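What follows is a single structure, written as structure tokens, with notes after it.
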Amino acid sequence: MKRFGMMALALLAATMGGGIAAAPASAQDMVSAEKLNHADKDAKDWLSYRGSYLDYNFSGLTQINAKNVKNLNVAWMHTPGRSKWGLQAMPLAVDGVLYYAGSYSRVFALDGATGQVIWNYFPELDEALIAKQTHSPDNRGIAISRGKVYVGTIDGRLIALDMRTGKKVWDVKLVNSQKLTIGFSGAPLAVKNMVIIGTQGGEWPVIGTIFAVDADTGKTVWQYHPIDASDPKVKGSWGNDSWKTGGGGAWQPGTYDPASNTIWWGTSNPAPLFDWAKDWEKDGSRPGVNLYTSSVLALDADTGKLKFYHQEIPHDIWDFDSAVGEFVMIDRGGKDLVVHPNKSGYVFVYNRADASIVNVWRANENSNFVQNIDPHTGQLIGRTSEAVGDNKGICPSFTGAIGWPPGSYNPKTGLYYRAVAEACMNLKVAKTTPVVEPQAQLFVGAQFTVTGPNGQKPFGHVDARDPVTGKLKFSIKFQAPIVASTLTTAGNLLFVPDAAGWLHAYDATTGKELWKHNDGSSHNGGIISYEAHGKQYVAVVAGCCSLSSFGNQFTYGLPYSAQSTDQGELIVYALK
Amino acid sequence: MRLLVSVMLLGLVAAPAFAAESDAQADKDAANIFNSTCGWCHQGGGRVAGGIGPKLMNSERDDAFILNRIRAGKEGKMPAFGGSLNDAQIQALLRYIRNLKPEN
Numbered sequence: 030m031k032r033f034g035m036m037a038l039a040l041l042a043a044t045m046g047g048g049i050a051a052a053p054a055s056a057q058d059m060v061s062a063e064k065l066n067h068a069d070k071d072a073k074d075w076l077s078y079r080g081s082y083l084d085y086n087f088s089g090l091t092q093i094n095a096k097n098v099k100n101l102n103v104a105w106m107h108t109p110g111r112s113k114w115g116l117q118a119m120p121l122a123v124d125g126v127l128y129y130a131g132s133y134s135r136v137f138a139l140d141g142a143t144g145q146v147i148w149n150y151f152p153e154l155d156e157a158l159i160a161k162q163t164h165s166p167d168n169r170g171i172a173i174s175r176g177k178v179y180v181g182t183i184d185g186r187l188i189a190l191d192m193r194t195g196k197k198v199w200d201v202k203l204v205n206s207q208k209l210t211i212g213f214s215g216a217p218l219a220v221k222n223m224v225i226i227g228t229q230g231g232e233w234p235v236i237g238t239i240f241a242v243d244a245d246t247g248k249t250v251w252q253y254h255p256i257d258a259s260d261p262k263v264k265g266s267w268g269n270d271s272w273k274t275g276g277g278g279a280w281q282p283g284t285y286d287p288a289s290n291t292i293w294w295g296t297s298n299p300a301p302l303f304d305w306a307k308d309w310e311k312d313g314s315r316p317g318v319n320l321y322t323s324s325v326l327a328l329d330a331d332t333g334k335l336k337f338y339h340q341e342i343p344h345d346i347w348d349f350d351s352a353v354g355e356f357v358m359i360d361r362g363g364k365d366l367v368v369h370p371n372k373s374g375y376v377f378v379y380n381r382a383d384a385s386i387v388n389v390w391r392a393n394e395n396s397n398f399v400q401n402i403d404p405h406t407g408q409l410i411g412r413t414s415e416a417v418g419d420n421k422g423i424c425p426s427f428t429g430a431i432g433w434p435p436g437s438y439n440p441k442t443g444l445y446y447r448a449v450a451e452a453c454m455n456l457k458v459a460k461t462t463p464v465v466e467p468q469a470q471l472f473v474g475a476q477f478t479v480t481g482p483n484g485q486k487p488f489g490h491v492d493a494r495d496p497v498t499g500k501l502k503f504s505i506k507f508q509a510p511i512v513a514s515t516l517t518t519a520g521n522l523l524f525v526p527d528a529a530g531w532l533h534a535y536d537a538t539t540g541k542e543l544w545k546h547n548d549g550s551s552h553n554g555g556i557i558s559y560e561a562h563g564k565q566y567v568a569v570v571a572g573c574c575s576l577s578s579f580g581n582q583f584t585y586g587l588p589y590s591a592q593s594t595d596q597g598e599l600i601v602y603a604l605k
Numbered sequence: 003m004r005l006l007v008s009v010m011l012l013g014l015v016a017a018p019a020f021a022a023e024s025d026a027q028a029d030k031d032a033a034n035i036f037n038s039t040c041g042w043c044h045q046g047g048g049r050v051a052g053g054i055g056p057k058l059m060n061s062e063r064d065d066a067f068i069l070n071r072i073r074a075g076k077e078g079k080m081p082a083f084g085g086s087l088n089d090a091q092i093q094a095l096l097r098y099i100r101n102l103k104p105e106n
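These protein sequence lines are chains F and E, in that order.
For the first sequence, the working numbering gives the first residue as 30, with consecutive numbering after it.
For the second sequence, the working numbering gives the first residue as 3, with consecutive numbering after it.
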């Protein structure tokens, strides 16, 4: 009874607060498509993975600001338990209630002001399968719409829960993970009356899929295979029928452009990750450009049909996904643009109408896999190749100059804040055979070591830049690369959760550090801000480690070497 | 069901599983397995620490421990390969690990 009363109060408060739609007539009206379309105007909530479809990771709240952030303190914490590989998800917040998922897709609804548990849901997963998976059991987020919370599972299911009670509404099996190994680790995206989610798939000899399911029934509306061999253009870009084991997952959520009814979604690298071709158009393990891997896709939201695309890395031999990275919707000089960072460190600026190139700029310092990417055409200039045996000093590393946790854009400062890693790799490339029976196994194609550039250890920085030109305003250096989201706010703040365990707050205009607090474990996931009962909160997840930060424990010594890999906490801050 | 079947079909490829017929073949398979799968976590072919998994070269673990770890894995750390690899292949992986030497 108490939780319903609290929810009703929250809804009433939201209604009286103005600027938000009237109280919903039914559960399905809670977080409507219309509300999601205008989430950027709703500063009190955090309604989708990157805050709104604009993908800004920006909060319009100002109660916590550059002048008073020094008074920020822990308001409450939540420990979900069973947190293998820490917490990696982006929390969401609706009407003063915080929702988030931990490892094993365990979902919680918490009172945003006190942390009091309103409900929890622990799905029964195929534990035997999870024991065989490499990337298990991390979960990177949830979606909310039409009165329901949606979560993907590593055993290939998508589940809908009643956002008031946590009771299961539907549970659908979309992928035969027991055979293909891949499941869902990334967050879904709620669009109109659908939920969109993409599979893993870049490291396995299978083919990824993007699913759209009916939000109310779980019935599949459409599915899109990034490697759709029924399209001659796609099939012809994979020599020797290598498309059959080509990878092409779509594991991180994209976004939605309501004006054109377009879903923007990035795809992963092809499999195997590395290749031994001297002439990649004719030989090697997968001759050709390998459509549509390492690509940005624009899909019709209603049908899943491909409208247009740009393949950021044709014939990717470095694991430079386009599945990572936000789709930052910028309006500049009368043009509607999309800014999308690729894992290679190159940031692509597109026309929203057709994905034509407006600009390409580079975020990382150490890069030699190509001489450049043409800022006018997006073409790779002076690309390198890999041969069987040793290939040393390739920069950046396959762990990515750009990681999957999103950066943030502040429309008030006009700056885009992005964590960047400086690392290189040594490869020993080998000719390998894909294994798909009895269960798909990783299909990497090389032994490797990750190194730092120029004899250093790998390091990281968070840069504030113009998102369209790439012009640098300031840069903050970190010992270990940041593998967590950044958050920026209308209070002229930039929050950076680092890998050592510190949560930092900076002046978003100058980069001056204003406050920091130690969360006791590295950060490898999301950070949001929301309002509950008239008060602003900042919520961040902690717990070691994401795949690309696991090596920190060997590289940097303390405190990294002492971080537990089976604990996670949600820490929520407010002004004293 | 139709969706599930179509996804399954896309994953089905004629390439056989690790079909080891002899120790020599199994040793060749072991290298393939390591280059394709194990090396994702055990960097430098198992020669260095720094990835997700530990260094394997000169491991002080006994044979029984390593064989069991390959078969059963460890929750949240290492996948279990007992259902994917046969005994000859797992033994070959052990030989691969024991034969690891430093590289220049």
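Don't be surprised by glycine CBs; every beta carbon is placed ideally from N, CA and C.
All of these numbers come straight from a predicted model, not from anything done at the bench.
inquiry  = Just to check my reading of the structure: Pro316 (chain F) and Ala306 (chain F) have Cβ atoms closer than 8 Å, yes? What is that Cβ distance to the nearest angstrom?
reply    = Taking the first residue of the first sequence as position 1, residue 316 (chain F) is located at position 287. Taking the first residue of the first sequence as position 1, residue 306 (chain F) is located at position 277. That pair is a contact at about 7 Å.
message = Using only CA atoms, which one of F:Asp69, F:Asn393, F:Val368 and F:Trp390 lies nearest to Arg381 (chain F)?
response = In the first sequence, residue 381 (chain F) corresponds to position 352, counting from 1. Nearest of F:Asp69, F:Asn393, F:Val368 and F:Trp390 to Arg381 (chain F), Cα basis: F:Val368.
Helix, strand or coil at Val204 (chain F) according to DSSP, with G and I counted as helix = Taking the first sequence and counting its residues from 1, the one referred to as residue 204 (chain F) is at position 175. Three-state result, Val204 (chain F): coil.
ask   = So is Ala51 (chain E) in contact with chain F if we call contact Cβ pairs under 8 Å?
value = In the second sequence, residue 51 (chain E) corresponds to position 49, counting from 1. Yes, its Cβ sits closer than 8 Å to a Cβ of chain F.
inquiry  = Using a Cβ-Cβ cutoff of less than 7 Å, which residues in the same chain neighbour Ala130 (chain F) once the five nearest sequence positions on both sides are dropped?
reply    = Numbered from its first residue, the first sequence carries residue 130 (chain F) at position 101. Ala118, Val136, Asn168, Gly170, Ile171 and Val180.
ask   = Exposed or buried, what is Lys273 (chain F) when buried is set at 16 or more other beta-carbons lying within 10 Å of its beta-carbon?
value = The residue labelled residue 273 (chain F) in the question sits at position 244 within the first sequence. Buried, by the Cβ-count rule.
Interfacial residues, the segment 209-237 of chain F to chain E, with Cβ spacing under 8 Å = Hits within the stretch, in order: Leu209, Glu232, Pro234, Val235 and Ile236.
query = Helix, strand or coil: which one does DSSP assign to Asp286 (chain F)?
reply = Along the first sequence, read from residue 1 onward, the residue named residue 286 (chain F) stands at position 257. In the structure shown, Asp286 (chain F) sits in a strand (DSSP, three-state: E or B).
inquiry  = Quick check on the DSSP output: what are the complete beta strand (DSSP E) runs of length 3 or more inside the segment 365-404 of chain F, in order along the chain?
reply    = 375-380 and 386-391
With 16 other Cβ atoms within 10 Å as the buried cut-off, status of Glu415 (chain F) = Along the first sequence, one-based indexing puts residue 415 (chain F) at 386. So Glu415 (chain F) ends up on the buried side.
request  = Measure from the alpha carbon of Ala45 (chain E) to the alpha carbon of each residue in F:Ile183, F:Gly474, F:Leu158 and F:Glu310, then state which is nearest.
outcome  = Within the second sequence, the letter at position 43 stands for residue 45 (chain E). Reading the sequence as shown, one finds Gln at residue 45 (chain E) and not Ala. Out of F:Ile183, F:Gly474, F:Leu158 and F:Glu310, F:Gly474 has the C-alpha closest to the C-alpha of Gln45 (chain E).
inquiry  = Which of the three DSSP states is assigned to Gln93 (chain E) in this structure?
reply    = On the second sequence, position 91 is the one that residue 93 (chain E) refers to. Assigned with DSSP and collapsed to three states, Gln93 (chain E) falls in helix.
ask   = Should Ala452 (chain F) and Thr428 (chain F) be called a contact, given that it needs their Cβ atoms to be closer than 8 Å?
value = Within the first sequence, numbered from 1, the residue matching residue 452 (chain F) stands at position 423. Within the first sequence, numbered from 1, the residue matching residue 428 (chain F) stands at position 399. Contact: yes.
request  = Give a yes or no on whether the minimum CB-CB distance between Gln596 (chain F) and chain E is below 8 Å.
outcome  = The count along the first sequence starts at 1 and reaches residue 596 (chain F) at position 567. Answer no: the Cβ-Cβ gap between Gln596 (chain F) and chain E never drops below 8 Å.
For Thr428 (chain F), the three-state DSSP class (helix, strand or coil) = Numbered from its first residue, the first sequence carries residue 428 (chain F) at position 399. Coil at Thr428 (chain F), not helix or strand.
Euclidean distance between Cα positions of Leu34 (chain E) and Ala469 (chain F) = For the purposes of this step, residue 34 (chain E) is identified with residue 32 of the second sequence, where counting begins at 1. For the purposes of this step, residue 469 (chain F) is identified with residue 440 of the first sequence, where counting begins at 1. This sequence places Asn at residue 34 (chain E); Leu is not what is there. Those two C-alpha atoms are separated by around 14 Å.
ask   = In chain order, what residues of the segment 452-481 of chain F put their CB closer than 7 Å to some CB of chain E?
value = Cβ contacts with chain E: Lys457, Ala459, Thr461, Thr462, Pro463, Val464, Val465, Glu466, Pro467, Gln468, Ala469, Gln470, Leu471, Phe472, Val473, Gly474, Ala475, Gln476, Phe477, Thr478 and Val479.
query = Candidates E:Gln93, E:Met80 and E:Gln27: which alpha carbon is nearest Leu69 (chain E)'s?
reply = Numbered from its first residue, the second sequence carries residue 69 (chain E) at position 67. If we check each option's Cα against that of Leu69 (chain E), E:Gln93 comes out closest.
ask   = Can you name, in chain order, every residue of its own chain whose Cβ lies under 8 Å from the Cβ of Gly265 (chain F), other than the five neighbours on each side?
value = Within the first sequence, numbered from 1, the residue matching residue 265 (chain F) stands at position 236. Correct list, in chain order: Gly317.
task = With DSSP collapsed to three states, give me the class of Glu63 (chain F).
result = Numbered from 1 along the first sequence, position 34 holds the residue referred to as residue 63 (chain F). Correct three-state label for Glu63 (chain F): helix.
ask   = What are the residues of the segment 146-176 of chain F that lie near chain E, defined by any Cβ-Cβ distance shorter than 9 Å?
value = Glu156, Ala157, Ile159, Ala160, Lys161, Gln162, Thr163, Ser165 and Pro166
ask   = I think Pro434 (chain F) touches Gly276 (chain F), with their Cβ atoms under 8 Å apart; what is that distance to the nearest whole Å?
value = As a first step, residue 434 (chain F) is located in the first sequence; it is residue number 405 there, counting from the start. As a first step, residue 276 (chain F) is located in the first sequence; it is residue number 247 there, counting from the start. No, Pro434 (chain F) and Gly276 (chain F) are not in contact; Cβ-Cβ is about 22 Å, not under 8 Å.
key: Cβ-based burial, Met45 (chain F) [other Cβ within 10 Å; buried from 16]   = Taking the first residue of the first sequence as 1, we reach residue 45 (chain F) at position 16. In this prediction, Met45 (chain F) scores a pLDDT of 39, lower than 50, which makes its location untrustworthy; the coordinate-derived value is nonetheless stated afterwards. Burial call: exposed.
inquiry  = Distance check for Ala32 (chain E) and Lys113 (chain F), CA to CA, integer angstroms please.
reply    = Mapped onto the first sequence, residue 113 (chain F) falls at position 84. Mapped onto the second sequence, residue 32 (chain E) falls at position 30. One C-alpha to the other measures close to 29 Å.
ask   = From this set, F:Trp390, F:Gln408 and F:Asp140, which residue's C-alpha is nearest Tyr566 (chain F)'s C-alpha?
value = Mapped onto the first sequence, residue 566 (chain F) falls at position 537. F:Asp140 is the residue among F:Trp390, F:Gln408 and F:Asp140 whose C-alpha sits nearest the C-alpha of Tyr566 (chain F).
inquiry  = Contact criterion: CB-CB distance below 8 Å. Does Gln27 (chain E) meet it with respect to chain F?
reply    = By 1-based counting over the second sequence, the position of residue 27 (chain E) is 25. No, its Cβ sits nowhere closer than 8 Å to a Cβ of chain F.
request  = In the DSSP assignment, find the unbroken beta strand (DSSP E) run with Ile54 (chain E) in it and report its ends.
outcome  = As a first step, residue 54 (chain E) must be located in the second sequence, where it is residue number 52. Counting along the chain, Ile54 (chain E) falls outside any beta strand (DSSP E), and DSSP gives it neither H nor E.
ask   = Any residues in the segment 104-129 of chain F with a beta carbon nearer than 8 Å to a beta carbon of chain A? Which ones, in chain order?
value = No chain A appears in this structure, whose protein chains are F and E.
Ser385 (chain F) classed as buried or exposed, judged by whether at least 16 other C-beta atoms fall within 10 angstroms = Taking the first residue of the first sequence as 1, we reach residue 385 (chain F) at position 356. Exposed.
task = May I ask you to report which of helix, strand or coil DSSP gives Cys453 (chain F)?
result = Along the first sequence, one-based indexing puts residue 453 (chain F) at 424. Cys453 (chain F) carries a strand assignment under DSSP once its states are collapsed to helix, strand and coil.
ask   = Roughly how many whole angstroms lie between the Cα atoms of Asp340 (chain F) and Ala72 (chain F)?
value = In the first sequence, residue 340 (chain F) corresponds to position 311, counting from 1. In the first sequence, residue 72 (chain F) corresponds to position 43, counting from 1. Sequence check: residue 340 (chain F) is Gln here, not Asp. Cα to Cα, the separation comes out at about 34 Å.
task = Confirm, please, whether the CB-CB distance from Asn547 (chain F) to Gly530 (chain F) is below 8 Å.
result = For the purposes of this step, residue 530 (chain F) is taken as the residue at position 501 of the first sequence. For the purposes of this step, residue 547 (chain F) is taken as the residue at position 518 of the first sequence. Cβ distance < 8 Å, so Gly530 (chain F) and Asn547 (chain F) count as in contact.
inquiry  = Any beta carbon from chain F within less than 8 Å of Lys103 (chain E)'s own beta carbon?
reply    = What you label residue 103 (chain E) is simply residue 101 of the second sequence in a count that begins at 1. Lys103 (chain E) does not count as touching chain F.
key: Nearest-angstrom Cβ-Cβ length linking Asp348 (chain F) and Leu320 (chain F), presumed shorter than 8 Å   = Translated into positions along the first sequence, residue 348 (chain F) becomes position 319. Translated into positions along the first sequence, residue 320 (chain F) becomes position 291. Contact annotation, Asp348 (chain F) with Leu320 (chain F): C-beta distance approximately 17 Å; criterion of less than 8 Å not satisfied.
ask   = Would DSSP call Pro261 (chain F) helix, strand or coil?
value = In the first sequence, the residue the question calls residue 261 (chain F) occupies position 232. If DSSP states are grouped into helix, strand and coil, Pro261 (chain F) belongs with the helices.
query = Taking DSSP as the reference, what is the three-state secondary structure of Thr584 (chain F)?
reply = Residue 584 (chain F) sits at position 555 when you count from the first residue of the first sequence. Correct three-state label for Thr584 (chain F): helix.
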